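Residue numbers (this note's numbering), protein chains in the order written: chain R, 23 to 448; chain S, 23 to 448. Beta carbons: idealized from backbone N, C-alpha and C, even for Gly. Keep in mind the model is a prediction, meaning the values are calculated, not measured.
Number of protein chains: 2
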Amino acid sequence: MKWLVGETTEILAALNEDAELTQEDNQHVEEQVRQIIKQVIENGDQALKEYSKRFDQVELEDLLVSEEAINLGYQRVEDEVIEALEAAKENIISYHKKQKQYDFMDTEKRGVLRGQLVLPLARIGVYVPGGTASYPSSVLMNVLPAKIAGVKEIIMVTPPSSNSIPDVILAAAKIAGVDKIFQIGGAHSIAALAYGTQTVPKVDKIVGPGNIYVATAKKQVFGVVGIDMIAGPSEIGILADQTANPTYIAADLLSQAEHDTLARAILVTDSTKLAEQVEKEIYRQLDTLPRKKIAEVAIKNHGLIIIASTVEAMFTIMNEIAPEHLEVQLADPISYLHEIKNAGSIFLGEYASEPVGDYFSGTNHVLPTSGTAKFYSPLGVYDFVKYSQVTYYTKEALAQAKDAIALLARKEGLEAHARAIECRFD
Amino acid sequence: MKWLVGETTEILAALNEDAELTQEDNQHVEEQVRQIIKQVIENGDQALKEYSKRFDQVELEDLLVSEEAINLGYQRVEDEVIEALEAAKENIISYHKKQKQYDFMDTEKRGVLRGQLVLPLARIGVYVPGGTASYPSSVLMNVLPAKIAGVKEIIMVTPPSSNSIPDVILAAAKIAGVDKIFQIGGAHSIAALAYGTQTVPKVDKIVGPGNIYVATAKKQVFGVVGIDMIAGPSEIGILADQTANPTYIAADLLSQAEHDTLARAILVTDSTKLAEQVEKEIYRQLDTLPRKKIAEVAIKNHGLIIIASTVEAMFTIMNEIAPEHLEVQLADPISYLHEIKNAGSIFLGEYASEPVGDYFSGTNHVLPTSGTAKFYSPLGVYDFVKYSQVTYYTKEALAQAKDAIALLARKEGLEAHARAIECRFD
């Protein structure tokens, strides 16, 4: 693991240097993805089948997964897994319901109504990654907030593996209430959702994390449809003092590291002793992990221990990192909540281990990565609505406003704007 | 003007064809913008000065506008314009304050706290277009919601014209509470805000509409920083029946058309007679407009009259268009409010002329264009905050959840996740 020790300004400068190195050139992928999108626009379903053959080694007859196949998949999943998914669903719903927003109407001035409507998106697309593991939890996390928002139709896409989608993914889709599943993945599935094909309907917004091809495709179709965010590798930041338990910290850091060789695991502490214990413990626990190879590379390349001089410095540094997941393992975590400026999901105390949020607590696990918690939010109900403004003026109210509007319009050189108001009084 | 008359399905199909034609190839601009961003990353201020010379024909000594220059500009603006801007500011604040959101905390289960913090972005960049007119109203619309959200530092960029920024723009910036103004525009100013230079600080999010270069640059830096939306040409959709006043409708359509030769002005009505009157009236009013040349091209190329068979069909069609501005000039507009699914800003009745929203009512005028009201919202306070989730579990609460978490983690092949929970009970 890399260690950074020193003054806060030096540590921040070192972190910035690291960040700049990660703004790597991505132009080759961008060009590939551009071609894929073009092909899907031009050749629709045919292009999707060809890419499935090329990238997923699967010859698809039907892109749409039949209801029968979904039900069969559901039935094959062990009862206790279904129960765990149902329990997680209940918690996700109870948390996300609190995010629901309502219309407002404002009547401050005589003859003037102003308001805001909260309207659901009509149809959304959810990307569920395949790859080295299958993620039923991601299905719940992406679909349920859309349901709560009132989205009418939810389309899921997920890459096929050896000609079928894992049963547990089908089960999660059924539990969450997905309307249609297409067994396609990668950049071509994003193109299909953005532009529509003969069988895949065009959606209004695409959500869900994916690999670099999926992320690049989402960025390229952004504007044609809405997208949630550009997801990068997973990361965890842990703030800990000498009262923290090194075994727990090491385990939590490794739970991120096993995701991906690019995953980042960062400990910020004011205790060199704790840091040494954590590092030792990481290597001890790593040894028996089934995904040791992945986690080891992640820890080696992206594991980071930062020794700060004060608790305040720890927060300054962590706010600059803006981690996707932040654990606060300090003696009195509530005392420091007001210091947190940037973090996707915050876990307080030694029993709020990060996987509780991945699977169970009901907060969302689709989170801003790579420092984007400075401006992005966790996926939520707010991602599946949009607002419309409403304005009503009486003639008398417009008469009051007329001169100011005409003056400002003419100041901007927009005479027709001024006349549109004035003609009502001719 | 183009007329579409027929069955709803035929009209929708014709609209879709038009939409596809507008997805034109933009690759040349994209490549130019990519180069500009690269230059700004590599050469910082020097690149900004070179681009200002090349694109704005201005040799800049200082990029930053001095406080003295801002104050002098403010003082040169006529008193009544300052008063109108102050009145608009008051209305913008009173509307946008209602958008403010608050933290929540949830204590449904014993030993579990879950919550959501609403945190302001730290620093934002506002693009204020120059070009054929100067827009002090845009300054207020972009800056004031950020102020209400609690953003600490607001950086404005705007292209210089003949070596200075218009006084009224400086005045609006001062009234709105901008912290720093840089006299740069175009794609290079977006690059500066996204990556930072020697004098321009890196921001967390960039907002504000601009031309195709600005829009493309925003799309390219999206992910490095947040952006509000990809703005296209302005548009208005008007729903009207035979009770509506053709003079007002024509004036309102022209107020959009004068913005830009690409602006779209669309009337959807069930009255052929009204449509004919509106068309005649447009050409009559057009004749005396100072921006006749622009408005005429817009009306000719992008003016559209749609005759629908029923009021319900009018709404179906307009929801598919998803206009930036929507006027409802029906006999009883409130009765139909529930039919509106997609529109940036809705104006009800014959006195809520669209320019009232551009300049005065206090609703925002930075709105989703080109049909993106299906998934984007008006600019608002919500654009300048992000959420952080908070989770706290006691040992007892985690013990209750332990088995479900471990089961789901192992089902996903993520053993380290399961162990992170279980090690707390060893």
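Would residue i be called buried (16 or more neighbouring beta carbons within 10 Å of its own) or exposed?
i         : result
His-50/S  : exposed
Thr-44/R  : For Thr-44/R, the pLDDT reaches just 48, beneath the cut-off of 50, and the residue's location in the model is therefore unreliable, although a value from the coordinates is still provided. Exposed.
Pro-312/S : exposed
Gln-97/R  : exposed
Thr-332/R : exposed
Ser-159/R : buried
Asn-353/S : Note that residue 353/S corresponds to Ala in the displayed sequence, not to Asn. Counting Cβ neighbours within 10 Å, Ala-353/S comes out exposed, since fewer than 16 surround it.
Ile-84/S  : Going by the sequence as given, residue 84/S is Asp instead of Ile. Result: exposed.
Glu-29/S  : exposed
Tyr-404/S : buried
Arg-132/S : exposed
Asp-448/R : exposed
Lys-202/R : buried
Asp-292/R : buried
Asn-164/S : buried
Gln-220/R : exposed
Lys-433/R : buried
Arg-306/R : exposed
Leu-94/R  : exposed
Val-246/R : buried
Val-27/R  : exposed
Mind reading off the beta-carbon distance from residue i to residue j? Whole number of angstroms is fine, and I expect it under 8 Å.
i         : j         : result
Tyr-373/S : Thr-413/R : With 8 Å as the limit, Tyr-373/S and Thr-413/R do not qualify as a contact, their Cβ atoms being about 10 Å apart.
Ala-365/R : Pro-345/R : 6 Å
Lys-408/R : Ser-392/S : Contact doesn't hold; Cβ gap of about 14 Å is too wide.
Gln-61/S  : Ala-69/S  : 4 Å
Leu-454/R : Lys-119/R : Here chain R comprises residues numbered 23 to 448, so residue 454/R is not present and cannot be evaluated.
Val-55/S  : Tyr-235/S : 6 Å
Ile-252/S : Ala-287/S : Contact doesn't hold; Cβ gap of about 21 Å is too wide.
Glu-418/R : Ser-116/S : Actually they are not in contact, since the Cβ atoms of Glu-418/R and Ser-116/S sit about 19 Å apart, beyond 8 Å.
Ile-368/S : Leu-389/S : With a Cβ gap of about 11 Å, Ile-368/S and Leu-389/S do not count as contacting.
Phe-337/R : Glu-361/R : 4 Å
Ile-212/S : Ala-239/S : 4 Å
Met-23/S  : Leu-326/S : 7 Å
Pro-167/S : Phe-397/S : 19 Å between Cβ atoms; not a contact.
Leu-215/R : Ile-176/R : With a Cβ gap of about 11 Å, Leu-215/R and Ile-176/R do not count as contacting.
Leu-275/R : Leu-289/R : 7 Å
Asp-40/S  : Arg-145/S : Asp-40/S to Arg-145/S, Cβ: 40 Å. No contact.
Lys-314/R : Leu-308/R : 6 Å
Ala-428/R : Ala-438/R : Not really, about 11 Å apart at Cβ, beyond 8 Å.
Val-229/S : Asp-250/S : 4 Å
Nearest by alpha-carbon distance to residue i: which of the options is it?
i         : options                                       : result
Ser-357/S : His-347/S, Gly-379/S, Glu-334/S and Met-340/S : Glu-334/S
Thr-260/S : Pro-223/S, Val-300/S and Ala-216/S            : Just to set this straight, residue 260/S is Ile in the shown sequence, not Thr. Ranking Pro-223/S, Val-300/S and Ala-216/S by Cα distance to Ile-260/S puts Val-300/S first.
Phe-382/R : Ala-106/R, Glu-90/R and Asp-78/R              : Ala-106/R
Ser-375/R : Glu-52/S, Asp-263/S, Arg-446/S and Ala-395/S  : Arg-446/S
Leu-296/S : Gly-137/S, Ile-288/S, Ile-343/S and Thr-265/S : Thr-265/S
Leu-135/R : Val-378/S, Leu-284/S and Asp-125/S            : Val-378/S
Pro-255/R : Leu-420/R, Gly-245/R and Asn-233/R            : Asn-233/R
Glu-102/S : Gly-435/R, Asp-425/R and Leu-436/R            : Asp-425/R
Gly-137/R : Lys-227/S, Leu-94/S and Gly-402/S             : Gly-402/S
Val-87/S  : Lys-24/S, Lys-196/S and Leu-26/S              : Lys-196/S
Ile-114/S : Gln-422/S, Asp-380/S, Thr-385/S and Arg-432/S : Thr-385/S
Asp-380/S : Gln-411/R, Gln-351/R and Ala-395/R            : Gln-411/R
Phe-37/S  : Arg-145/S, Ser-156/S, Met-340/S and Ala-428/S : Residue identity check: residue 37/S is Leu in the sequence provided, not Phe. Among Arg-145/S, Ser-156/S, Met-340/S and Ala-428/S, the Cα nearest to that of Leu-37/S is on Met-340/S.
Glu-270/S : Thr-269/R, Val-27/R and Glu-444/R             : The sequence given here places Tyr at residue 270/S; Glu does not occur at that position. Measuring from the Cα of Tyr-270/S, the nearest candidate turns out to be Glu-444/R.
Is any heavy atom of the ligand SAH found at a distance shorter than 6 Å from the C-beta of residue i?
i         : result
Ala-216/S : In the structure shown, the ligand SAH is absent, as is every other ligand, since no ligand is present at all.
Handout entry: Three CB pairs or more closer than 8 Å across the region 182 to 201 of chain S and the region 24 to 41 of chain S
Key = no
Handout entry: Every unbroken alpha helix (DSSP H) within the region 224 to 254 of chain R, with a cutoff of 4 residues, ordered by chain
Key = Within the region 224 to 254 of chain R, the complete alpha helix (DSSP H) segments at least 4 residues long are 234 to 243, listed from N- to C-terminus.
Handout entry: Entirely enclosed beta strand (DSSP E) segments - the region 136 to 167 of chain R, minimum 3 residues
Key = DSSP runs (the beta strand (DSSP E)) wholly in the region 136 to 167 of chain R: 145 to 149.
Problem - Contiguous alpha helix (DSSP H) assignments of at least 4 residues, all confined to the region 379 to 444 of chain R - result: 417 to 433 and 437 to 444
Practice task
Mind the definition here: the region 318 to 330 of chain S touches the region 267 to 283 of chain S only if three or more C-beta pairs lie below 8 Å; say whether that holds.
Solution key: yes
Handout entry: the region 207 to 223 of chain R in contact with the region 143 to 150 of chain R per 3-pair CB rule at 8 Å
Key = yes
Practice task
Any chance you could list the beta strand (DSSP E) runs of at least 3 consecutive residues sitting entirely within the region 38 to 117 of chain S, in chain order?
Solution key: Within the region 38 to 117 of chain S, no complete beta strand (DSSP E) run reaches 3 residues.
Exercise for the section: Return the chain-ordered ranges of every alpha helix (DSSP H) run that is complete within the region 247 to 333 of chain S and spans a minimum of 4 residues. Expected result: 268 to 279, 294 to 308 and 314 to 324
Exercise for the section: Taking only runs that begin and end inside the region 343 to 377 of chain S, name each unbroken beta strand (DSSP E) of 3 or more residues, in chain order. Expected result: If we require 3 residues or more, the beta strand (DSSP E) runs fully inside the region 343 to 377 of chain S come out as 347 to 351 and 367 to 370.
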